[in-house]
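**Student:**
In UniProt numbering, the protein residues as written are 1 to 461.
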């Protein structure tokens, strides 16, 4: 059933510590679905797929789970598909069709790197979703999947750049419904462009971009065999962290200490582009594609290196216009700022500081430099980070989410089971949603609006 543009937004709320996921209808916050015993891999996050679907990795069960947030309204189950993957999941990405995915592994609850497993997933096999696990290289690699050729539309997919109405057209069968005998193909190589999809791992220590053919990974034998990459592009930095890909041009972006490295594919090889500068001191540890304005966003962190002095860290919103080519920064304030949310008319950052937390709304109108549109104070968290201690170990945090198709922003109050719902167009709090789960560590959120084009950022967030 096609999604209706008038359908109300949905908010996926994961309490990865307690092990549950709730589906809320916005703006009233009424619960329309719930999953118990599901532990979202917080670092890999939620991944937007076509047709309003959302994927995540259950770190405890060792499964990639595809959710249908509007399914319960139409008599369909909330879980559209599930397939085994290697965990602990570090990063998660999809190809533009949403059919082919890849999951990398990280440390989990271990002090040192130990896992070299990569999982390739095909959600559209003739016999249903399937996955294959292979060995690559130990570490905590990022992952992206490049389309067949730079700037070439995949036949049958029909992706077009989003215009003022955020228009996105997709004509593929629903990957979660493939394998029913009415859609799907007999193998991954028969899918449009599938045999040419390129999985790229962003490694550090030593830094490199390592490419594998997705179809080749799916053809691997049982037993987690080691695989040989199709190509490896060395990077000058050995501290990469943060990945994005533009599915409309096929350009890949990888954040590192010296700047943002760029690469494009040429067949099965990768060709380096001119790096993007951070345009000042510090570096970004997170990179996100904004499909509304066709921009890259990050937060550049500077200041003292010691984690205990985090209240003195500086934070700048960093941006790059992909088509125009210009880059800039915008001061946000001291403290802890990390992930961000993309909305129709704003970018939202949550800032944590002993003097008070706030939600920062950045406006970026076409043809204008980004600016601070509003700063909204947030209620304090009882278990918030304190000066002298690290801001990420044993403390409460905040998750933030938005949709490229709307103005709502959701931000959590970790440990309190609260979500503040804000209308960014008015810079006003609509209501505070109170859940019967603590949302320790801040929980994790995904805000879904029909037809919002969120899948044009095909990396888990």
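For glycine and all other residues, C-beta sits at the position ideal for the given N, C-alpha and C.
(1) Looking at C-alpha atoms only, which residue of 441, 327 and 301 is the closest neighbour of residue 275?
(2) What does DSSP give as the partner residue(s) for residue 462 in the beta ladder?
(3) If you drop the 5 nearest sequence neighbours on each side, which residues of the same chain put their C-beta closer than 6 angstroms to that of residue 278?
(4) Can you have a look at residue 440 and say buried or exposed, based on whether 16 or more other CB atoms are within 10 angstroms of its CB?
(5) Mapping the DSSP letters down to three states, classify residue 328 as helix, strand or coil.
(6) Starting from residue 215, trace the beta strand (DSSP E) both ways and give me its first and last residue.
(7) According to DSSP, simplified to helix, strand and coil, what is residue 229?
(8) Go to residue 22, then tell me how far its beta strand (DSSP E) extends in each direction, as first and last residue.
(9) Going by DSSP in three states, residue 222 sits in which element: helix, strand or coil?
(10) Out of 250, 432 and 112, which has the shortest C-alpha to C-alpha gap to residue 322?
(11) In terms of alpha-carbon separation, which member of 19, 325, 104 and 434 lies closest to residue 34?
(12) Compute the Euclidean distance between the alpha carbons of residue 216 and residue 226, then round it to the nearest angstrom.
(13) Applying the 10 Å Cβ sphere with the 16-neighbour rule, what's the burial state of residue 66?
(14) What does a CB cutoff of less than 7 angstroms around residue 379 pick up in its chain, not counting 5 residues either side in sequence?
(15) Please name the residue, chosen from 354, 351, 369 and 238, that lies closest to residue 293 on a Cα-to-Cα basis.
(16) Would residue 331 and residue 316 be called neighbours here (beta carbons separated by less than 7 angstroms)?
(17) Below 8 angstroms, can you find three or more Cβ-Cβ pairs linking the stretch 40-59 to the stretch 80-88?
(18) Out of 383, 57 and 205, which one is the CA nearest neighbour of residue 417?
(19) How about residue 211 and residue 145: do their beta carbons lie closer than 7 angstroms?
(20) What are the complete beta strand (DSSP E) segments, minimum 3 residues, inside the stretch 17-97?
(21) Less than 7 angstroms separating the beta-carbons of residue 45 and residue 460?
(22) The beta strand (DSSP E) that contains residue 142, what's its start and end?
(23) Which residue comes first and which comes last in the beta strand (DSSP E) that contains residue 372?
(24) Could you give the C-beta distance for residue 335 and residue 310, rounded to a whole number, given that I count them as a contact under 8 angstroms?
(25) DSSP on residue 348, reduced to helix/strand/coil?
(26) Per the DSSP calculation, residue 466 is bridged to which residue(s)?
(27) What three-state label does DSSP hand residue 441 in the structure shown?
(28) When the distance is taken between beta carbons, is residue 341 closer than 7 angstroms to residue 289?
(29) Where do the N-terminal and C-terminal ends of the beta strand (DSSP E) with residue 252 fall, by residue?
(30) Determine the closest residue to residue 89 out of 115, 75, 99 and 393, with distance taken between C-alpha atoms.
(31) In angstroms, rounded to a whole number, what distance separates the CA positions of residue 213 and residue 433?
(32) Does DSSP classify residue 434 as helix, strand or coil?
(33) How would you write the range of the beta strand (DSSP E) that residue 104 sits in, first residue to last?
(34) On the DSSP letters alone, give me the boundaries of the beta strand (DSSP E) that residue 472 sits inside.
(35) Starting from residue 388 and walking both ways along the beta strand (DSSP E), at which residues does that stretch end?
(36) Since residue 230 contacts residue 268 with CB under 8 angstroms, what's their CB separation in whole angstroms?
**Tutor:** On the basis of the data shown:
(1) 327
(2) Lying outside 1 to 461, the shown extent of the chain, residue 462 is not represented and no answer is given.
(3) Within the same chain, residue 278 has close Cβ partners 259 and 300.
(4) buried
(5) strand
(6) Looking at the DSSP string, residue 215 is not in any beta strand (DSSP E); the run it does join, the alpha helix (DSSP H), is 214-218.
(7) coil
(8) It spans 20-25 - the beta strand (DSSP E) in which residue 22 sits, taken as one unbroken run.
(9) coil
(10) 250
(11) 19
(12) 12 angstroms
(13) By the neighbour-count criterion, in which 16 or more other beta carbons inside 10 Å mark a residue as buried, residue 66 falls on the buried side.
(14) Answer for residue 379: 413, listed in chain order.
(15) 369
(16) Going by C-beta atoms, residue 331 is nearer than 7 angstroms to residue 316.
(17) yes
(18) Residue 383 is the option with its Cα nearest to residue 417.
(19) no
(20) 20-25, 30-36, 54-58, 63-67, 79-84 and 89-94
(21) yes
(22) 142-146
(23) Element bounds for residue 372: 371-378.
(24) 7 angstroms
(25) strand
(26) Because the chain in this structure spans residues 1 to 461, residue 466 falls outside the shown range and cannot be described.
(27) helix
(28) No, the Cβ-Cβ distance between residue 289 and residue 341 is not below 7 angstroms.
(29) 251-256
(30) Taking residue 89 as reference, the option from 115, 75, 99 and 393 with the minimal CA-CA separation is 115.
(31) 44 angstroms
(32) strand
(33) Counting along the chain, the beta strand (DSSP E) containing residue 104 begins and ends at 100-105.
(34) With the chain running from 1 to 461 in the structure shown, residue 472 is simply not present.
(35) Where residue 388 is concerned, there is no enclosing beta strand (DSSP E), because DSSP gives it neither an H nor an E.
(36) Contact between residue 230 and residue 268 is confirmed by a C-beta separation of about 4 angstroms, below the 8 angstroms threshold.
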